[in-house]
Amino acid sequence: MKKWFLFCLAIVGVIVFAACSGNAEEVGGIRDDGTLWGELSIMSFMNDPMALGVYFTEYHPDVEINFIMTGMEGGAYQTALQQILSAGANVPDIVMLDAGFVRQFVESPFLMDISHLLPAANALEIYQFTLDAGMEAGQLRAISHQAAPGVMYYRRSLAQRYFGTDDPAVIQNYFRDMDAMIESAQRIREISNGETFTISSHIELSNLFFANRSTPWIVNNRLMHDDPVLAQYLDVARVFRDSGLEAEIGTWSGEWHAGMNDTMVDAHGNPRQIFSYFLPTWGIFILMPNAGDTDGDWAAIPGPLPYHWGGAWFAIPVDAPNPEVAKAFLEFVFTEDVMTKWATGYFSNERLRQIDPSLAEVFGLAAGDFLSSARVVRNTSAAMVGTDTYYFLGGQNPHDVFALAAPNVSLENLQASDFIMNAAFTEAVTQYLEDNLTREQAMQSFIDSALIGLPAGITPN
Amino acid sequence: MTRAAKKKKSGINKDYMGYVFILPFVIVFIAFVLYPIAYTFWLSLTDTQLMSGVSGRFVGLDNFQALYNTPAFRTSITNTWLLWVLGFTPQIGFALVLAYMFTNSTLKLRGTGIFKALYYLPNLLMPATVAALFATYLTRFGPVNQAIIAIGLVDDSIAFLDTPLWARLTVTFIGWWMWFGQTTIIMVAGMTTISPALYESAMLDGASQPKMFWRITLPLIKPILLFVLVTALIGGLQSFDIPFLLTNGRGDPQGSIMTMNIFMYLRRSSVMGDIGSAASVSVVLFFMSSIVALVLFGLFREKDKD
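Chains as they are written, first to last, in this note's numbering: chain A, 1 to 461; chain B, 1001 to 1306.
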């Protein structure tokens, strides 16, 4: 029986040892003849990299893609990524980073310098703001294939009613800056007798103000709560609230979506309209499926202030098991050929299945993504004419508007803490507008809330 | 050693088989319970940050001192207790009354099985679904506001989830709504163990229904009450999902529904991923739960002696 006991212990020991010991074998690289081989593991919250990975294998058949998909709900993706990169075990070769947390990882010691991509980025005329988000200590640590400049989508029929025209150039003049926007919003309220709100809530404007702060949130361990742009945000939000220019409904709520198709009713059961939505490039894909009868009744303009919202960045962890193949993959993606094919819908599921017949139907890249390369955008913009998005905007080429907005966006002030600061400040503004707090109390509430997520030593004074 | 003694020793050795059988449990317990608890305690004494890329240093009780000096942490303790007391009080009250009605043979209620199932139903819903449901109902132009305006309760809509008082009431209502069915079922199980002879004797002596409830039912289900109280308390102190999902994930408005677990999550998901600090919140929560559970056990035991 003792032998039995020892045997069981030995089995358990072997299992534990096998579980704990890492695989030290080489998992891939570049052969002497220059061919690539091995597994390329990609951790992502979006499907795009898988489609590109499959296309990559057409040129490099000895590379196998291991695609690890994790949802972003409740911060699941970045939490998992933090654990993996800090533990240094099961590290993927490529990781995708969202705008909400790209700086958190770029500022960490976990990402490899991929500055060798800068010449390619320059040739592709990658929008500077997407590069700025990936730069740290003079190194490029993350690079984006997308650009997500924000624009103002508005309803053409409502513009005709309140301004006598739906011409984007003219409407842009009505919304050229915040003062003009307030004036135009008041005009909409007066003519519509309060039936049409210019925006859903102050939250629509939050990205505009945050993107145009004069300083980063943290400077020399000081929380910059007294930036004049933040004071302006509070002023403008107060005017919108007190004058009934906003619907007071939350982003992503049922009413917010209902406003897109004219089915919104207020708490008294009265029909109400929303004139405009502040959304970025990908916002058109939120509007389109919710538009209903308003399909084709939309247009887009740069709006009062340049801003951005979202986007995704590629990065290579320093502990990536197959860094050479990972680098080769990014060099492959950031070429004019691949990005042009991407922009024009070449990577359809049908095309990718020619390479990998077992590929699931969800993988494929439709035309219409606004990519980070100004050069590719310029060359492919004409292809957007006649697409669904073109007709959705009443015959306006969306890429022309996005290309107009993109060069004005700046992410120089973006820091790892932005996602915490922005959420805390937006909540403080809401409390101020609801008259639950005075302006001073709201600012103190913001500071208290913000400090929870900041490292020790950062003070508001 | 004689052959007989050897045989006897060999016979004793058979007991090792028992260790083999409990080995899987011990391994799982060590790996998934004991080690995480011990590691959490260790982390709470370090300044470990996930995003720093370096190992944390031993900092003694600095994390606990920092917690003590953080107003938001003190608020989170108040919130946790407040939300639990406000939610649990009606929950246990409803459960006791319903269970008494369901088990009382003199009332001769019909269809109690259906009601038990209906009351239990909310407990089967995922917290994410429940939070999304209430968040949708309680928007500015949502069905609740439309209803209370239509029946003339208020003139204008209420910003339920942007007002601290309403947000707290919503969380406590959800807690009650989700859990009173479950508590009722447990109470029913407890009350059915009471011998009907006791009630029959009491009735012969002329005892009223309330008197029987206070003098017979309640004292005899004390162990069940203790079980419900302790499990509900531990669950309540660990409250996270509903308050986290109902608003912006930061326990707002004004941190009014920020529980200790949400505070811990905010420390964990901070810019640097302060897991040392987050672990210290966890340790405080651990001691708080343990002490309260021990006090409850003690109180009930004292009364048993009486």
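Beta carbons: idealized from backbone N, C-alpha and C, even for Gly.
{"Asked": "C-beta neighbour in chain B for A:Met96, strict 8 Å", "Found": "no"}
{"Asked": "CB contact below 8 Å: B:Ser1269 versus chain A", "Found": "yes"}
{"Asked": "Residues of the stretch 1249-1264 of chain B with Cβ closer than 8 Å to any Cβ of chain A, in chain order", "Found": "Gly1249, Arg1250, Asp1252, Pro1253, Gln1254, Gly1255, Phe1263"}
{"Asked": "Given 8 Å, three or more beta-carbon pairs between the stretch 1277-1287 of chain B and the stretch 1030-1046 of chain B", "Found": "yes"}
{"Asked": "Where A:Asn487 falls: helix, strand or coil (DSSP)", "Found": "In the structure as shown, chain A starts at 1 and stops at 461, and residue 487 of chain A therefore has no counterpart that could be examined."}
{"Asked": "Reference A:Pro455, options B:Leu1050, B:Ala1189, B:Ile1022, closest by Cα", "Found": "B:Leu1050"}
{"Asked": "Span of the alpha helix (DSSP H) around A:Cys299", "Found": "Looking at the sequence shown, residue 299 of chain A is not Cys but Ala. Looking at the DSSP string, A:Ala299 is not in any alpha helix (DSSP H); the run it does join, the beta strand (DSSP E), is 298-301."}
{"Asked": "The stretch 100-114 of chain A: positions lying closer than 7 Å to chain B by Cβ", "Found": "Gln104, Ser108, Pro109, Phe110"}
{"Asked": "Alpha-carbon spacing of A:Arg176 relative to B:Thr1136, whole angstroms", "Found": "34 Å"}
{"Asked": "Three-state secondary structure assigned by DSSP to B:Leu1138", "Found": "coil"}
{"Asked": "Per-residue contacts from A:Ser206 into chain B (C-beta, under 9 Å)", "Found": "Under the 9 Å cutoff, chain B gives no residues; its nearest Cβ is about 12 Å from A:Ser206."}
{"Asked": "A:Leu414 in three-state terms, based on DSSP", "Found": "coil"}
{"Asked": "Runs of alpha helix (DSSP H) lying entirely within the stretch 353-395 of chain A, each at least 4 residues, in chain order", "Found": "374-380, 388-392"}
{"Asked": "Partners in chain A for B:Pro1164, counting only beta-carbon separations shorter than 8 Å", "Found": "Asn436"}
{"Asked": "A:Ala456 (DSSP reduced to helix, strand or coil)", "Found": "coil"}
{"Asked": "Residue closest to A:Ser184, alpha-carbon to alpha-carbon, out of A:Thr70, A:Leu371, A:Phe240, A:Ser214", "Found": "A:Phe240"}
{"Asked": "Within 8 Å, strictly: CB atoms of A:Ile301 and A:Met96", "Found": "no"}
{"Asked": "Cβ-based neighbour list, A:Thr426, same chain, cut-off 7 Å, excluding 5 preceding and 5 following", "Found": "Ile203, Ser206"}
{"Asked": "is_contact[A:Ala18, chain B] using C-beta, thresh 8 Å", "Found": "The pLDDT assigned to A:Ala18 is 46, lower than 50, so where the model puts this residue is not dependable; a value taken from the coordinates is nonetheless given after this. For A:Ala18, the answer is no, since every Cβ of chain B falls outside 8 Å of its Cβ."}
{"Asked": "For A:Ser144, three-class secondary structure by DSSP", "Found": "strand"}
{"Asked": "Residue span of the beta strand (DSSP E) that contains A:Tyr153, given as start and end", "Found": "150-155"}
{"Asked": "For B:Gly1298 and B:Thr1106, the rounded distance between their alpha carbons", "Found": "35 Å"}
{"Asked": "Minimum Cβ-Cβ distance from B:Gly1053 to chain A less than 8 Å", "Found": "yes"}
{"Asked": "Local Cβ density within 10 Å of A:Glu58, reported as buried at 16 or more and exposed below that", "Found": "exposed"}
{"Asked": "Simplified DSSP state of A:Ser253, which is helix, strand or coil", "Found": "coil"}
{"Asked": "Nonlocal neighbours in the same chain, by C-beta distance under 6 Å from B:Trp1179, ignoring five residues either side", "Found": "Gln1091"}
{"Asked": "Distance between A:Val102 and A:Gln146 (C-alpha atoms, nearest Å)", "Found": "13 Å"}
{"Asked": "CB contact below 8 Å: A:Asn23 versus chain B", "Found": "Low per-residue confidence applies at A:Asn23: pLDDT is 46, beneath 50, and the placement is therefore not dependable, though the value from the model is reported in the following sentence. No, because no Cβ of chain B sits closer than 8 Å to the Cβ of A:Asn23."}
{"Asked": "A:Val106 classed as buried or exposed, judged by whether at least 16 other C-beta atoms fall within 10 angstroms", "Found": "buried"}
{"Asked": "Residues of the stretch 266-294 of chain A whose Cβ lies closer than 7 Å to any Cβ of chain B, in chain order", "Found": "Asp266, Ala267, His268, Gly269"}
{"Asked": "Residues within the stretch 236-252 of chain A neighbouring chain B, beta-carbon criterion of under 8 Å", "Found": "Ala247, Glu248, Ile249, Gly250"}
{"Asked": "Span separating the alpha-carbon of B:Pro1282 from that of A:Leu414", "Found": "The sequence shown places Ser at residue 1282 of chain B, rather than the Pro named in the question. Each residue's Cα considered, the two are about 32 Å apart."}
{"Asked": "Range of the contiguous alpha helix (DSSP H) that encloses B:Leu1198", "Found": "1196-1204"}
{"Asked": "Check whether A:Ala267 and B:Arg1267 have beta carbons under 8 Å apart", "Found": "no"}
{"Asked": "Proximal residues to A:Ile355 (C-beta, below 6 Å), its chain only, five neighbours per side dropped", "Found": "Val54, Glu58"}
{"Asked": "The stretch 1234-1251 of chain B contacting the stretch 1151-1170 of chain B, beta-carbon criterion three pairs below 8 Å", "Found": "yes"}
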